[in-house]
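Mind the numbering: the sequence shown is residues 2 to 74 in my numbering, read in order. The beta-carbon is built from N, C-alpha and C at its ideal position, and this holds for glycine as well. I have placed the structure first, in the form of structure tokens, so that the comments after it can refer back to it.
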Amino acid sequence: MDDPGQSKADPSTIGGTWRKSIQVAYEATKSAFPGGEVIAHLDHKSFKSWQKVAIAGFLNELNIKIGKPNDFY
Numbered sequence: 002m003d004d005p006g007q008s009k010a011d012p013s014t015i016g017g018t019w020r021k022s023i024q025v026a027y028e029a030t031k032s033a034f035p036g037g038e039v040i041a042h043l044d045h046k047s048f049k050s051w052q053k054v055a056i057a058g059f060l061n062e063l064n065i066k067i068g069k070p071n072d073f074y
């Protein structure tokens, strides 16, 4: 995921290796836990704001819930 300030890319979309990595992780998790619900936690210090927005949008497309660990208990 390139910095949108350095490219003409839409900052609200995710592409390339980020998209593929998330898809592979999602499929591996679904395969490892059949019938389980895939959930995600985005650490607020790990990503820049535009990265979180793009990743959250993509996770939403996959119908993956995003929250803090306590949100899932």
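Legend entry - Close Cβ partners of ILE15 (< 8 Å) along its chain, the five nearest in sequence each way excluded: MET2, ILE23, ALA55, ILE56, GLY58 and PHE59
Inset, instruction - Since I believe HIS42 is in contact with GLY17 (beta carbons under 8 Å), could you give me their beta-carbon distance rounded to a whole number of angstroms? - result: Incorrect: roughly 23 Å between the Cβ atoms, too far for contact.
Inset, instruction - Would you kindly report the start and end of the unbroken alpha helix (DSSP H) that includes SER22? - result: 17 to 33
Inset, instruction - Give the straight-line distance between the Cα atoms of ALA33 and SER50, rounded to the nearest whole angstrom. - result: 31 Å
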